[in-house]
Amino acid sequence: MATVELSFSALPVHVRTARLIVTAVARRSGIDEDLLDEVRLAVGEACSRAVEAHRLHCPDEPVRMEMTAAERRFEVIVNDSVPGDDSSGTGRPTTPADLPKVTGPDDLEFALGDGAADLGLAVIAGLADDVDISTTPKGVQIRMSWPVEAAPTT
Amino acid sequence: MDLKVNDYTTDDGLTVITVEGEIDVYTAPKLREKLIDLVNKGKFHLLVDMEKVEFLDSTGLGVLVGGLKRVRAHDGSLELVCTQERILKIFRITGLTKVFGIHDSIADAEEKRKGAK
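Here you go:
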């Protein structure tokens, strides 16, 4: 069972709320202070991505987030309710390995429009210690985790 | 939290945009509107001062890239002032340090601009 679960309306304004909550739970879980910024940003990106997908496909469905501290890992799972085929229907990648790379000062195309979602995945992949993105008939799940040095406080 | 966006134009024709607060999926449209508004007013040389930005995500990056593309269409420029490691890290992760000129201060950016002329 998750330590803390959060369900929020798919509105951009609530992404900040999700960031504040994950930061508080991560801190309480004993995660290193230096990693808190990375947790906050990576989870914010995952929530932004889910909110945007819901706004396009199912605005009335809430975004769900689970935070768990166990076995010296702090894990966050962000679930959307948009089937993978739909959420990636624009051809955007759903795994970090598919991401395009910026190779020079004129390489801007990928970062515009839907490319912002690609940038988001690039940020998640760059910040989370371990990332797994899975696409199911129910939706896309982004699972991120970081090491916990201190014993978790339950 | 609100995002504060202000601007002024120097005698040299450089428009400095100071941004304060958190740039995310909720607040980024405000910055996007400001950049579009400036370009529509003929301001094609932009310097975004990010020293008071507390948080930046990929939506904010997308807005900056969009602004850069708009000014480049007019042979303009969009550069940044940023010394905060937590913000610079996001540019490095996404490879955007290769795309944006990033300066330590507004004075530094102005100096390099004069030198390039």
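Chains as they are written, first to last, in full-length UniProt numbering: chain D, 1 to 154; chain X, 1 to 117.
Cβ atoms here follow ideal geometry from the backbone N, Cα and C, with glycine treated the same way.
(request) Could you name the residues of chain X that D/P12 contacts, counting a contact when the two beta carbons are closer than 8 Å? (result) D24, V25, Y26
(message) Can you tell me whether X/G95 is helix, strand or coil according to DSSP?
(response) coil
(request) Report the neighbours of D/V140 on chain X: residues whose CB is nearer than 7 Å to its CB, in chain order. (result) The premise fails here: D/V140 is roughly 16 Å from chain X at the closest Cβ pair, so nothing lies under 7 Å.
(request) Examine chain X for any beta-carbon lying closer than 8 Å to the beta-carbon of D/D37, and answer yes or no. (result) At least one C-beta of chain X is nearer than 8 Å to the C-beta of D/D37.
(request) Starting from the C-beta of X/T83, find all residues in its chain whose C-beta is less than 6 Å away, skip the five residues before and the five after it, and write them out in chain order. (result) D104
(request) Name the residue from D/P137, D/A46, D/S81, D/I31 whose alpha carbon lies nearest to the alpha carbon of D/D60. (result) D/S81
(request) Figure out for me which residue from D/L119, D/V148, D/V22 has the closest Cα to the Cα of X/L56. (result) Checked all of D/L119, D/V148, D/V22; the closest Cα to X/L56 is D/L119.
(request) Measure the C-alpha to C-alpha separation of X/T94 and D/A122 and round it to an integer number of angstroms. (result) 6 Å
(request) May I ask you to list the residues that DSSP assigns as paired with D/D132? (result) D/R143
(request) Would you give the residue range spanned by the beta strand (DSSP E) that X/L47 belongs to? (result) For X/L47, the enclosing beta strand (DSSP E) stretches over residues 45 to 56.
(request) Would you kindly work out how many angstroms separate the C-alpha atoms of X/G60 and D/T3, rounded to a whole number? (result) Straight through space, the alpha carbons of D/T3 and X/G60 are spaced by roughly 31 Å.
(message) Going by C-alpha to C-alpha distance, which of D/V13, D/V22, D/P12 sits closest to D/L6?
(response) D/V22
(message) By alpha-carbon positions, which one of D/A24, D/A53, D/D32, D/R27 ends up nearest to D/L11?
(response) D/A53
(message) Contact between the segment 43 to 50 of chain X and the segment 68 to 77 of chain X is defined here as three or more beta-carbon pairs at a separation below 8 Å; is this criterion met?
(response) The segment 43 to 50 of chain X, when compared against the segment 68 to 77 of chain X, does touch it at the 8 Å Cβ threshold.
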